[in-house]
Amino acid sequence: MKKLFFLLPLLGAVVLSSCGKEDDPAPDKSVLKNAIVWTQEKPSRLRLIDETWADSLFIGAYTKNGMMSLQIDFKGTGTYKLPSTGDAIYYILNEDGSIRSNYDLDRQSTFSEVVVTAFNPETKFVKGTFKCALKKSYMNSDTPDQEEIQITEGIFEGVINKI
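If you want it as structure tokens, here you go:
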């Protein structure tokens, strides 16, 4: 049930489009996934559930065959250690867009974190970095996917929109 509540805002974020304008050019949208560069093909989605800037911030990164989603209990700039202050999910997608494998945050690892390096409450601009350790929790394919994934050097930047 917890995953369902985590997925609903993610699905809402996918449906909604970003309405804000970035002040700076977008940085390279790449992360290392097990030492392999994973470059997102669409802009990150940044959504906030509560407009008081004191609730869950959802960060989504997308490629044709993968989707990364992070959620933190947002309080402004700072380091958010996962899982104590948030969660992460990574999906490997089939060519038709259906989920092939699902990876959840490794709750035993102390490696995972989101670092919000800049936040402007007036313009709602936010940027930062992330890294996380994930374990496979679901597979809907005969394709053998790795049991564990480590995401490093992730970056996000953009204007937050409310859900």
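Position 143 of the sequence shown, counting from 1, maps to 165 under our numbering, and the rest follow consecutively. Note that the Cβ used here is the ideal one computed from N, Cα and C, for glycine as well.
Practice task
Within its chain, find whatever has a CB closer than 7 Å to the CB of threonine 101; leave out the 5 residues flanking it on each side and keep chain order.
Solution key: What you label residue 101 is simply residue 79 of the sequence shown in a count that begins at 1. Glu135 and Val137, listed in sequence order.
Exercise for the section: Drop a sphere of 10 angstroms on the beta-carbon of methionine 23, count the other beta-carbons inside from all chains shown, and report buried for 16 or more, exposed for fewer. Expected result: Against the sequence shown, residue 23 aligns to sequence position 1. In this prediction, methionine 23 scores a pLDDT of 41, lower than 50, which makes its location untrustworthy; the coordinate-derived value is nonetheless stated afterwards. Its Cβ having fewer than 16 others within 10 Å, methionine 23 is exposed.
Exercise for the section: Give me the Cα-Cα distance between glycine 42 and glycine 108, rounded to the nearest whole angstrom. Expected result: The sequence position of residue 42 within the sequence shown is 20, counting from 1. The sequence position of residue 108 within the sequence shown is 86, counting from 1. Confidence at glycine 42 is low in this model, with a pLDDT of 44, below 50, so its placement is unreliable and no value can be given for it.
Handout entry: Residues sharing a beta bridge with leucine 115, DSSP
Key = Start at 1 with the first residue of the sequence shown, and residue 115 comes out as number 93. For leucine 115, which the question treats as bridged, DSSP gives the partners Ile121.
Exercise for the section: In the DSSP assignment, find the unbroken beta strand (DSSP E) run with glutamate 169 in it and report its ends. Expected result: Within the sequence shown, the letter at position 147 stands for residue 169. That residue, glutamate 169, is in no beta strand (DSSP E); it is neither H nor E in DSSP.
Practice task
Taking all protein chains shown into account, decide if tyrosine 160 is buried (16 or more other Cβ within 10 angstroms of its Cβ) or exposed.
Solution key: Position 138 of the sequence shown holds residue 160. It counts as exposed.
Exercise for the section: Put phenylalanine 96 into one of helix, strand or coil per three-state DSSP. Expected result: Taking the sequence shown and counting its residues from 1, one reaches residue 96 at position 74. Here phenylalanine 96 sits in coil by DSSP.
Exercise for the section: Grab me the residues of threonine 114's own chain with a C-beta within less than 7 Å of its C-beta, minus the 5 sequence neighbours each way, in chain order. Expected result: Sequence index remark: in the sequence shown, residue 114 carries index 92 (1-based). Per the sequence shown, the amino acid found at residue 114 is isoleucine instead of threonine. Correct list, in chain order: Asn87, Gly88, Arg122, Ser123 and Asp167.
Handout entry: Residue interval of the beta strand (DSSP E) (run including glutamate 135)
Key = Reading the sequence shown from its first residue, position 113 is the one you call residue 135. Counting along the chain, the beta strand (DSSP E) containing glutamate 135 begins and ends at 135-142.
Exercise for the section: Spatial neighbours of leucine 92 within its chain, please: CB distance less than 7 Å, with the 5 preceding and 5 following residues excluded, ordered by chain position. Expected result: For the purposes of this step, residue 92 is identified with residue 70 of the sequence shown, where counting begins at 1. Closer than 7 Å at Cβ, skipping near neighbours: Ile81, Gly108, Ala110, Val136 and Phe152.
Handout entry: Coarse secondary structure for proline 105, derived from DSSP in three states
Key = For this step, residue 105 is matched to residue 83 along the sequence shown. Residue state, collapsed to three classes: coil.
Problem - Span of the beta strand (DSSP E) around arginine 69 - result: Position 47 of the sequence shown, counted from the first residue, corresponds to residue 69. That run of the beta strand (DSSP E) goes 64-70.
Exercise for the section: Kindly indicate which three-state DSSP category threonine 132 falls into: helix, strand or coil? Expected result: Residue mapping note: residue 132 aligns to position 110 of the sequence shown, counting from 1. In this structure, threonine 132 counts as coil in the three-state DSSP scheme.
Practice task
Can you give me the Cβ contacts of lysine 146 inside the same chain, cut-off strictly under 6 Å, excluding the 5 residues immediately before and after it?
Solution key: Translated into the one-based positions of the sequence shown, residue 146 becomes position 124. Excluding positions up to five away in sequence, the list reads Val181 and Ile182.
Practice task
Determine, using beta carbons only, whether serine 120 comes closer than 8 Å to chain B.
Solution key: Of the chains in the structure shown, none is chain B; there is only one protein chain.
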